[in-house]
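Asks: Numbered as in my numbering, the sequence shown ends at 258 without a single skipped number.
By construction, the Cβ of each residue, glycine as well, lies at the ideal position given by its N, Cα and C atoms.
All of these numbers come straight from a predicted model, not from anything done at the bench.
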Amino acid sequence: MTSLRASNLSVHVGEKRLVDAASFEIKPGDLTILLGPNGAGKTSLLRAALGLQKTATGTSELDGDSVFDMAPAKRAKHIAYLPQIRPLAWPNRVRDVVSLGRYAHGAAVGKLGPDDARAVDRALSVCDLNQMADRAADTLSGGELARMHFARALAAEAPLLIADEPTAALDPRHQFRILDLIQSYVQDGGGALLVLHDIELAARYATQLIWMKAGRIVSQGSVEETLTQDRLAEVYDISAEVQGTRISMKGAL
Numbered sequence: 006m007t008s009l010r011a012s013n014l015s016v017h018v019g020e021k022r023l024v025d026a027a028s029f030e031i032k033p034g035d036l037t038i039l040l041g042p043n044g045a046g047k048t049s050l051l052r053a054a055l056g057l058q059k060t061a062t063g064t065s066e067l068d069g070d071s072v073f074d075m076a077p078a079k080r081a082k083h084i085a086y087l088p089q090i091r092p093l094a095w096p097n098r099v100r101d102v103v104s105l106g107r108y109a110h111g112a113a114v115g116k117l118g119p120d121d122a123r124a125v126d127r128a129l130s131v132c133d134l135n136q137m138a139d140r141a142a143d144t145l146s147g148g149e150l151a152r153m154h155f156a157r158a159l160a161a162e163a164p165l166l167i168a169d170e171p172t173a174a175l176d177p178r179h180q181f182r183i184l185d186l187i188q189s190y191v192q193d194g195g196g197a198l199l200v201l202h203d204i205e206l207a208a209r210y211a212t213q214l215i216w217m218k219a220g221r222i223v224s225q226g227s228v229e230e231t232l233t234q235d236r237l238a239e240v241y242d243i244s245a246e247v248q249g250t251r252i253s254m255k256g257a258l
């Protein structure tokens with residue numbers, strides 16, 4: 006059972022604390038969504054937990070082994086990571102970009118084994134990309150690019166998925182489609198940690214919410230436990246009424 010446990014993680018840049026003593030655990034069956042305003046430290050926390058950003062304090066362990074000491078290929082076999090910024094260095098075919106998700110399994114673009122090819126074909130299909138598989142990536146719209154990069158992460162078939170704003174630039178239909186896919190992935194035994202900005206969407210899908218503000222985790226737990234009028238005021242400085250997973254915004258405080 007693959008799990009990622011971060012304990013007391015802190016990230017400092019000069020005198021500024023981007024992340025302050027944050028702890029969490031992601032394990033199979035979890036669909037955890039990280040919420041917080043811009044600048045709360047969400048991306049820095051993800052990168053620190055993956056060993057991609059220097060930490061001032063804390064540990065991050067994958068099945069008891071330090072992520073900080075782990076070879077990137079080994080980490081990639083266990084955790085598929087979809088960053089917020091997804092640059093394209095050259096106009097590869099969509100299929101070739103998605104194939105990069107198999108790199109940790111020893112595959113190379115244009116030299117996929119049968120298992121790799123099946124994983125890529127499945128990812129293209131479930132992300133509605135079959136008709137675009139042979140197009141150059143630099144001809145895609147923003148939403149199509151978002152789906153392509155998600156398909157790359159999905160093709161890795163890793164037991165854990167960490168995705169920073171996976172629904173950004175997507176229309177409502179494809180937002181639901183991507184989150185339905187992640188929900189199915191979790192129900193099939195995976196574990197996921199996502200950053201989202203849509204609170205109602207997060208409440209609809211999450212098994213656990215983590216709330217951040219000013220670099221600190223201020224609350225974590227189920228939707229029922231943590232999605233409250235007081236929490237929205239504390240984290241986002243907004244006045245809102247909460248009814249189940251529905252939020253009626255009243256305005257800024």
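1) Let me know the beta strand (DSSP E) ranges lying completely inside the stretch 72–151, each 3 residues or longer, listed in chain order.
2) How would you label residue 137, buried or exposed, when you count the other beta carbons within 10 angstroms and need 16 or more for buried?
3) What's the gap between the Cα of residue 229 and the Cα of residue 192?
4) By the 10 Å Cβ neighbour count, where 16 or more other Cβ atoms means buried, how is residue 100 classified, buried or exposed?
5) Taking residue 5 as part of the alpha helix (DSSP H), name the residues at either end of that continuous run.
6) Over the uninterrupted beta strand (DSSP E) stretch that includes residue 37, give me the two end residues.
7) Can you check whether the CB of residue 233 is closer than 8 angstroms to the CB of residue 214?
8) Scan the stretch 195–228 and note each continuous alpha helix (DSSP H) run of 4 residues or more that stays entirely inside, going in chain order.
9) Find out if the Cβ-Cβ distance for the pair residue 248, residue 29 is shorter than 8 angstroms.
10) Start and end of the alpha helix (DSSP H) containing residue 172?
11) In this structure, what does DSSP give as the bridge partners for residue 69?
12) What first and last residue would you give for the alpha helix (DSSP H) that runs through residue 162?
13) The alpha helix (DSSP H) spanning residue 234 covers which residue range?
14) Helix, strand or coil for residue 48 per DSSP?
15) Report the residue from 8, 135, 60, 180 whose alpha carbon sits nearest the alpha carbon of residue 31.
16) Who pairs with residue 64 in a beta bridge, going by DSSP?
17) Using alpha carbons as the reference points, say which of 37, 73, 43 lies closest to residue 52.
18) Please name the residue or residues paired with residue 6 in a DSSP beta bridge.
19) Do residue 86 and residue 204 have their beta-carbon atoms positioned less than 8 angstroms apart in this structure?
20) If distances are taken between C-alpha atoms only, which option among 46, 68, 69 comes closest to residue 58?
21) The beta strand (DSSP E) spanning residue 185 covers which residue range?
22) For the beta strand (DSSP E) containing residue 21, list its first residue and its last residue.
23) Give the single residue among 250, 79, 77, 140 whose Cα lies nearest to the Cα of residue 211.
Replies: Taking the geometry as given:
1) Look at the stretch 72–151 and you find these whole runs of beta strand (DSSP E), each 3 residues long or longer: 84–87.
2) So residue 137 ends up on the buried side.
3) Each residue's CA atom was taken as its position, placing residue 229 and residue 192 some 20 angstroms apart.
4) Residue 100 comes out buried.
5) What is shown of the chain runs 6 to 258, which leaves residue 5 out entirely.
6) Segment 36–40, the beta strand (DSSP E) holding residue 37.
7) In terms of Cβ geometry, residue 214 and residue 233 do not form a close pair [threshold 8 angstroms].
8) The stretch 195–228 contains these whole alpha helix (DSSP H) runs: 204–210.
9) Going by C-beta atoms, residue 248 is not nearer than 8 angstroms to residue 29.
10) Segment: none, residue 172 is in no alpha helix (DSSP H) and carries neither H nor E.
11) DSSP, once it has assigned bridges, lists no residue as partnering residue 69.
12) Element bounds for residue 162: n/a, residue is neither H nor E.
13) Counting along the chain, the unbroken alpha helix (DSSP H) around residue 234 starts and ends at 234–241.
14) In the structure shown, residue 48 falls within a helical segment according to DSSP collapsed to helix, strand and coil.
15) For residue 31, the nearest C-alpha among the options comes from 8.
16) 12, per the DSSP bridge assignment.
17) Distances from the CA of residue 52 to each of 37, 73, 43 were compared; the closest alpha carbon is that of 73.
18) In the DSSP output, where bridge partners are listed per residue, residue 6 has none listed.
19) No, Cβ-Cβ distance for residue 204 and residue 86 is not below 8 angstroms.
20) Distances from the alpha-carbon of residue 58 to those of 46, 68, 69 put 46 closest.
21) It is not in any beta strand (DSSP E) - residue 185 instead sits in the alpha helix (DSSP H) that spans 177–192.
22) Taken as a continuous stretch (DSSP letters only), the beta strand (DSSP E) holding residue 21 covers 21–31.
23) Comparing Cα positions, the closest option is 250.
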